[in-house]
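Numbering (UniProt numbering), first residue to last: 1 to 262.
Here it is, written out as structure tokens:
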């Protein structure tokens with residue numbers, strides 16, 4: 001048994017939704033009903049969260065972290081998988097899905113730890129051919145749905161063992177994002193998360209400062225033009241408001257005319 005469990009790494013930028021893909025495949029020869037749910041449903045959207053797979057059929061599960069805060073990153077989140085072989089061919093798919101939705105007490109077959117990192121906000125799903133096996137679903141370990149019976153004490157005691165099956169026969173690169181960065185302390189993580197916000201604020205401040213400088217320069221030019229116009233108008237108004245000054249000015253002009261004629 002490997003000592004290190006497989007983890008679902010959800011990466012993204014601060015204040016943005018984070019999307020992760022998980023591939024689930026039925027390796028048995030029977031039809032299998034499945035249900036996927038998070039331990040903190042208020043923070044996630046899982047699509048599809050319930051369904052039926054045929055033999056050797058796979059389905060792509062979208063795990064979207066759409067609501068979170070600083071406290072969310074300090075909590076322990078898990079993605080739980082419930083599954084059951086459909087041995088009764090007479091039961092319809094709709095009835096099987098209804099039974100899967102109602103049964104909430106069955107032990108989880110896989111309990112996948114969720115970890116958070118700063119990185120790309122969105123992940124592109126890989127093709128099915130490139131995906132390796134995530135987990136085989138043997139009948140002996142599958143929980144049966146639709147019976148309406150609560151798990152026995154023995155089943156409850158095996159819940160921890162069922163969770164330990166998490167990392168067996170799995171591909172480590174399947175449920176992780178490459179290039180993830182680890183942080184030694186919560187303060188370093190918080191600083192890294194806030195870095196994009198600080199850069200954005202700095203850019204906005206610089207943009208506002210440049211806009212203010214342009215406005216100040218334009219106001220100074222307008223004031224200069226208005227000042228020059230006002231000075232000329234004031235000069236002529238002063239002459240017209242003083243008759244003596246106007247009289248002597250006319251005398252000087254008349255004298256200049258006489259001199260020029262002589």
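Every residue gets a Cβ at the ideal spot worked out from N, C-alpha and C, and that includes glycine. All values reported here derive from a predicted model rather than from experimental measurement.
Can you confirm whether the segment 70 to 79 touches the segment 51 to 59 when touching is taken to mean that 3 or more C-beta pairs between the two stretches lie within less than 8 Å? no
**The beta strand (DSSP E) enclosing residue 18, as first and last residue numbers** = 18 to 25
Notebook entry, point to check: The alpha helix (DSSP H) spanning residue 85 covers which residue range?
Noted result: That residue, residue 85, is in no alpha helix (DSSP H); its beta strand (DSSP E) goes 77 to 85.
message = What does the alpha-carbon distance come out to for the pair residue 246 and residue 214?
response = 44 Å
* Asked: Within the present structure, is the beta-carbon of residue 78 separated from the nearest heavy atom of the ligand NAD by less than 7 Å?
  -> Within the structure as shown, the ligand NAD is missing, as the structure has no ligands at all.
Compute the distance between the beta-carbons of residue 67 and residue 49, then report whether it is under 8 Å.
-> no
Sequence-distant residues of its chain with Cβ nearer than 7 Å to residue 35 (five each side left out)
49, 50, 82, 100
Requested in this report: May I ask which residues mark the beginning and end of the beta strand (DSSP E) holding residue 37?
Outcome: 32 to 38
Residue 39 and residue 78 - do their beta-carbons sit closer together than 8 Å? yes
| query | Under the DSSP definition of a beta bridge, which residues are partnered with residue 258? | reply | None, per the DSSP bridge assignment.
Exercise. Could you say which of 76, 41, 26, 211 lies nearest to residue 53 if we only look at CA atoms?
Key: 26
query = What separation, rounded to the nearest whole angstrom, lies between the Cα atoms of residue 211 and residue 18?
reply = 35 Å
Return the CA-CA distance between residue 33 and residue 207, expressed in angstroms with no decimal places. 56 Å
Exercise. Hey, would you say residue 86 sits closer than 8 Å to residue 31, going by beta carbons?
Worked result: yes
- Got a sec? Which residues, its chain only, sit under 6 Å from residue 165 by beta carbon, not counting five neighbours each side? Note that residue 165 has pLDDT 46, beneath the 50 cutoff, so the model's placement of it is unreliable and no number is given.
Please state the DSSP three-state secondary structure of residue 146. Note that residue 146 has pLDDT 38, beneath the 50 cutoff, so the model's placement of it is unreliable and no number is given.
Collapsed DSSP secondary structure at residue 160 in the structure displayed: Here residue 160 scores only 46 on pLDDT, less than 50, and its place in the model is too uncertain to base an answer on.
Buried versus exposed call for residue 258 [16 or more other C-beta atoms within 10 Å across all chains shown]
exposed
Nearest CA to the CA of residue 41: which residue from 29, 217, 22, 80? 80
Check: residue 252: buried (16+ other C-beta within 10 angstroms of its C-beta) or exposed?
Finding: exposed
When we look at the beta-carbon of residue 255 and count the other beta-carbons within 10 Å, is it buried (16 or more) or exposed? exposed
* **Euclidean distance between Cα positions of residue 55 and residue 116** => 33 Å
- Which residues in the same chain have their Cβ closer than 8 Å to the Cβ of residue 75, if we skip the five residues on either side of it in sequence? 40
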